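So the sequence shown is numbered by the working numbering: it starts at 11 and just counts up by one.
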Amino acid sequence: MNKIDNGGWTILVVDDEPVIRRLLRQKMISLGYACFEADGSRQAMEKMNESPADLVILDIMMPGGSGMELLPELKKAYPDAIVIMATAVGDADTAIKCVRLGAYDYFTKPYNLDEVALSVERALNTRRLELEVLDYQNNLEEKVKVQADKIRTSFMNAVTALALALDAKDGYTSGHSGRVSEISVVIAKELGMPDGSIENIRLAGLIHDIGKIGVKEEVLNKPGLLTPQEFEYIKTHPAIGERILKPIVEEQEILDIVRLHHERFDGKGYPDGLAGEQIPTGAAIMALADAYDAMTSDRPYRKSLGHAAAVSEIKKGSGTQFSPDAVEAFLRVENTIAPKTVKP
């Protein structure tokens, strides 16, 4: 029964006296509740089986089966139903017994309809609060997940924007991350990778160089060749990128790509020196895409090699720098991924 909106409550009045049933029904309807009647225990169970009521006003003394006998049967079949007992005999023992059997409240005849109305209102307010708590508990995990996903998405958007902003600061690398992402996706599709992995590769491409935030700009943009010490220093950026992303990225595949996109098939890459099949497919793809874009872009220390020369270098690097599977897939689609700005 979803009554959290505090509306649509249904009430069953069970009494063998038609006049009393009519008075109670009219009062309940006037308060906005849907109300129906039963003249005894048997009909009450039939009505409940047809359409369970939220609350039952149950007379104790009825021919053919007392309300006291019906109460435990009713609570067993419909444990969420609220039961308020009514009788012409008022004594403490009866009231205590009713409560022990599961009744919410107890009042005596002749009815004070306003008191009955207050008892019904209190009971339904209690049920509404119970349902709110139950709904909150049942949905808490999902609500937390949704909120966490929103926060994570916001962080990812911020990190991606920052990575692209850093990319755009340098005229030599402007658009690099976006191009690497696009090239990697084309290769991944050619290899028949699952949609989820392709999406992870797309995202990883956009942020694969985020670790360069932690590298000094004078080293990143040095116009000449790097010294051995400077090269060792710049080689820290994949691990830095992984550390930046780890608190906000759940997908291990993305973290692996960011960390391992400078590994080589022959084991001479960095930061972990992985080789061959040790390198995840996504990272192997991105290593190739990253190298292709670097070769076909002007850099401070050299001009673009051009598409044909870059393709030739990638062929030479198959089985040493690059995964042979990634190279073969790249060669099948290389004419479709060469940017228009890349010279032949």
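We put the CB at the ideal spot given by N, CA and C, even for glycine.
Treat the numbers as computed from the prediction; the structure is a model and nothing was measured.
Looking only at Met203, Ala54, Ile223, Gly75, the smallest Cα-Cα distance to Ile244 is reached by Ile223.
Under a 10 Å Cβ-count criterion, Arg110 is classified as exposed, with fewer than 16 other Cβ atoms of the shown protein chains found around its own Cβ.
Counting the other CB atoms within 10 Å of its CB gives Ala158 a total below 16, which places it among the exposed residues.
Minimum Cα-Cα distance from Ser191 among the listed residues Tyr302, Leu213, Phe165, Leu81 corresponds to Leu213. In this structure, Leu284 sits near Leu270, with a CB-CB distance shorter than 8 Å.
Only residues of its own chain outside the window of five on either side were considered, and among them Ile220, Gly221, Val268 have a CB closer than 6 Å to the CB of Gly251, listed in chain order. Out of Lys86, Glu83, Ala113, the CA that lies nearest to the CA of Ala96 is found in Ala113. About 5 Å separates the beta carbons of Val23 and Glu47, which is inside the 8 Å limit, making them a contact pair. With a 10 Å radius around the Cβ and a threshold of 16 neighbouring Cβ atoms, Tyr146 comes out exposed.
Around the CB of Asn59, fewer than 16 other CB atoms lie within 10 Å, so the residue is classed as exposed. Our two residues, Ala168 and Ala91, have alpha carbons roughly 50 Å apart in a direct line. With a contact defined as Cβ atoms closer than 8 Å, Gly292 and Ser207 qualify at about 6 Å.
Phe165 sits in a helix when the DSSP states are folded into three classes.
For Ser76, same chain residues with a beta-carbon under 7 Å away, outside a window of 5 residues either side, are Ile70 in chain order. Under DSSP, Cys45 takes part in a beta bridge, and its partners are Ile21.
In the DSSP assignment, Leu65 falls within the beta strand (DSSP E) that extends over 65-69. The alpha-carbon of Val321 is positioned some 11 Å away from that of Arg342. Under the rule that a run must span 4 or more residues, the alpha helix (DSSP H) segments found entirely inside the region 197-283 read 205-217, 227-230, 238-244, 247-255, 262-270. Asp308 carries a coil assignment under DSSP once its states are collapsed to helix, strand and coil. Looking from the CA of Gln262, the closest CA among Asn210, Asp303, Ile67 belongs to Asn210. The beta carbon of Met78 sits closer than 6 Å to the beta carbons of Ile70 from its chain, once the five residues preceding and following it are set aside; these are given in chain order.
Of the residues Ile30, Pro238, Ile324, the one whose Cα lies closest to the Cα of Val126 is Ile30. For Ile347, the enclosing alpha helix (DSSP H) covers residues 334-347. For the pair Glu242 and Val229, the CB atoms are not nearer than the 8 Å cut-off. Gln331 counts as buried, since no fewer than 16 other beta carbons sit within 10 angstroms of its beta carbon. Exposure of Ala98 is indicated by the presence of fewer than 16 other C-beta atoms within 10 angstroms of its C-beta.
Listed in chain order, the non-local C-beta contacts of Leu315 below 8 Å within the same chain comprise Met305, Thr306, Glu323, local neighbours out to five positions each way being set aside. According to the DSSP assignment, Ile94 belongs to the beta strand (DSSP E) that extends over 92-97. Counting along the chain, Asp115 sits inside the beta strand (DSSP E) bounded by residues 115-118. Rounded to whole angstroms, the gap between the alpha carbons of Lys153 and Lys160 is 11 Å.
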